[in-house]
Structure formats: structure tokens, C-alpha cells
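Participant: This is the structure I want to talk about, given as C-alpha cells.
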Amino acid sequence: MDAISLSARSLHAVAELGFQVARQGAHGAMTALGEVIPVEAYEFVAFDPATGRHRSLVASGYARVDDDAAEEYARLDAYRRAMSLRTPVVMGSPGTERYFRRHLEPYGWRAGITTPLFLTGGRYTGLLHVNSRADLPPEAPAVISAVSPALAHLTDVTRCVIDPLGLPPGFHAVAYERGGRRRDVAGWPPSEALAAEPAMAELARAFIDSRELSRRGLWLDGTGQWRELRLHRAGVGFHGSIQGAVIAERPCALPYDLTSREIEVLTRVARGDSNPQIAAALVLSVRTVTTHLEHIFAKLGCDSRTRLTTKVLAEGLCRLDVP
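Here is the structure:
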């Protein structure tokens, strides 16, 4: 709908609904909507881009919700047209009759509206069903259309409960479930470099299983580009119900004019390795390791291994091992 005219009462409900979405979620939002539309039952259905499927998230007022009903409705031509137009579908519209006879009319529902939910930026997150045993007011589709961008946040399963706050500009991010499934991170551009590295899911799993809340370091990708890498513990999916991690990256030059070999050496120093251990691991002589360390101490302005380790860990100068 390009133009929507709402009464002052409806506008108040719209404003209150936006507040309740952030504060109390689905129940608070639908209570606010109920001030202008006599909604007796509702169901929020989420679209999961990781699986390409729809599933019911929150429902109230229905005697039962069939597990496959959400996916069945999303496949209707009438709903696909509504998605392309971003307009609500009224119960009983052509192409929806069979669905309503099967799932809704046996329980006494006479009126209903289904609306696709799109965030303000245009990303589709799912749909909302509302039903009533009495006729809905004529302005109901317009009101629901007006509030749908706010309601879309309730079905956004890509949202992380612990967001990667504080990331400087230029980072690209990916979220991983503990099982390895990759998800986009709302508000951050996706990373082609991370998606192209199959072992990154294993790094995310190891991080999730650790007790760390965050980790940072340097990663040499498959093209030979160094990247600054940051990992954050996060709950992904609806209400953060899935244990996961956010990994963010951006291309970088090695800091302090360090060389790739010096990064390898200082990484092992930070792990507590001695010079002979570093030499054996990197297939170098002890003398060569000592020379590298002299250069590293000078570049970083440190005069002991303890101070070097503290600086390296604080600034994320270690190379992160990708399995």
C-alpha cells in the first residue's frame, strides 16, 4: 500500500506497538494491536534463510497449530503474490479457501488477515496470521500493514541476542551455530572470505566450547591476505535459542611492520613456548629465533617476554589457528 490513512487512535496503537515489540515481544505487541483491532488469535511464523523453510514461532488463541501449516501457507500462490506486493491477504481470498477450511474454519474463525513481514531495509523475515470470530474493521489491513516492519523484528531468526557491538567500520560478519550451520548477521555485511573457508565452522565450535566471551587475532586466508579476526559468543536464532558465535573479519596490513615469520614467532611466545620449542615447531635454528625476537621486541617496544605476551594478547597480534 503506497498511502495509508489511519485515525489518531490507530496511530497511537502503532506507536505503542513499536515500543512493546522492544519491551515485551509478541504478546505485548499484539496487546497493543488489540486496542484497535479485535484480534482473538495470532500466530507469528518465521522464515529461516539457513534452511529456506517457515516454522511457527509464537501462537496464542488457537486450539492447535499444525506443524506443517506454516510451510503449506507460504507455498500458496495468493501468499506469494502478497509477498511481491507486500500487502496483507484477507481470509477467504481466492486461492486461500482450502487452507482456511482445513485449518481455521473448523474452530469457529470467521475473519482473518495474513501479512508478510519485511524489515524496513526490505529483508523478509516471516508472516503473521490474525483471526477473529467477528468481522474485522475495514481499516484492519491498513493498520497491520503499517505495523508490519516493527513486527518483522519478532520473526527475524538471524538476529543475535548478543550482538557484535563495538566492531569498528569495515568488518564483515558471519554467525555459526555450534553444529556448523552458517547464518547471516543482521546489520553486518556477509563475509565471502569466511564463507569460503570450510574450517571456519570448526574454529567457531572450538570457541563456543571454550569459556571465552571474545577472541581476536590475525588470520591468513587462502589467497594470502591477512585479516583481522574477531570472535564473539552469541545466541543465534529466535530469542537466541541456539548456542553460537559471531566471527567478523576485515583485511589488514600486519601491524608494527611485522613480517609473517615474526607473527609466527610472537604467537608461540604468547603460548609460552621457549626458543628451542619455537625453533623445532617452525623448523628454524635457535639463533634465527633469537634474531626474530630481537626484531619483535624492538618493533613492539617491549623488553621482556611477559610484556610482549601482554601486548600481543591485548591487541590481537597472535595468529589464530584455523583447523
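Sequential numbering from 456 applies to the sequence shown in our numbering.
We treat Cβ as the ideally placed atom computed from N, Cα and C, and that holds for glycine.
No experiment lies behind these values; they were computed from the predicted model shown.
Assuming the contact rule is C-beta atoms closer than 8 Å, R774 and I702 should be a hit. Round their C-beta distance to whole Å, please.
Facilitator: About 15 Å separates the two Cβ atoms, so there is no contact after all.
Participant: Could you tell me the alpha carbon to alpha carbon distance between T570 and L709, rounded to whole angstroms?
Facilitator: Looking at the two C-alpha atoms, the distance is approximately 50 Å.
Participant: For E657 and R588, what's the separation of their Cα atoms in angstroms?
Facilitator: Using only the alpha carbons, I get a separation of about 51 Å.
Participant: How big is the Cα-Cα spacing for G690 and T743?
Facilitator: Near 45 Å, if we compare the C-alpha coordinates of T743 and G690.
Participant: If you follow the beta strand (DSSP E) that R685 is part of, which residue opens it and which one closes it?
Facilitator: Taken as a continuous stretch (DSSP letters only), the beta strand (DSSP E) holding R685 covers 681 to 691.
Participant: Quick test of the definition: if touching needs 3 or more C-beta pairs under 8 Å, does the region 597 to 605 touch the region 628 to 636?
Facilitator: The region 597 to 605 vs the region 628 to 636: no contact.
Participant: State the Cα-Cα distance for the pair G577 and E526, rounded to the nearest angstrom.
Facilitator: Spanning the two alpha carbons is a distance of roughly 21 Å.
Participant: Relative to the alpha-carbon of L649, which residue among E495, P706, H608, P596 has its alpha-carbon at the smallest distance?
Facilitator: Looking at the Cα atoms, P706 is the closest of the given residues.
Participant: Relative to the C-alpha of P592, which residue among L673, V494, L721, G672 is closest?
Facilitator: Nearest option by C-alpha distance: V494.
Participant: In its own chain, which residues sit with a C-beta less than 8 Å from the C-beta of F573, not counting the 5 before and 5 after it?
Facilitator: Result list for F573: R541, Y579, T580, S603, P604, A607, in chain order.
Participant: Under 7 Å Cβ to Cβ from S511, same chain only, skipping five residues before and after it: list those, please.
Facilitator: E498, V500, V520, A525, listed in sequence order.
Participant: Where does Y517 sit, in a helix, a strand or coil, going by DSSP?
Facilitator: Of the three classes helix, strand and coil, the one that applies to Y517 here is coil, per DSSP.
Participant: Go ahead and pull the three-state DSSP assignment for T542.
Facilitator: Correct three-state label for T542: coil.
Participant: Going straight from the alpha carbon of T746 to that of G756, what length do you get?
Facilitator: Cα to Cα, T746 sits roughly 15 Å from G756.
Participant: Along the chain, where does the alpha helix (DSSP H) that runs through E657 open and close?
Facilitator: Looking at the DSSP string, the run of the alpha helix (DSSP H) that includes E657 is 655 to 664.
Participant: If you run the structure through DSSP and keep just helix, strand and coil, what is L775?
Facilitator: Residue state, collapsed to three classes: coil.
Participant: Please report the distance separating the alpha-carbon of H558 from that of A537.
Facilitator: Their backbone Cα atoms lie some 20 Å apart in a straight line.
Participant: With a threshold of 16 other CB atoms inside 10 Å of the CB of A518, please say whether the residue is buried or exposed.
Facilitator: Exposed, by the Cβ-count rule.
Participant: Which residues in the same chain have their Cβ closer than 6 Å to the Cβ of A529, if we skip the five residues on either side of it in sequence?
Facilitator: If we look at A529 and ignore the five residues flanking it on each side, its Cβ neighbours are H509.
Participant: So is P561 buried or exposed if we call it buried at 16+ other beta carbons inside 10 Å?
Facilitator: Label assigned to P561: exposed.
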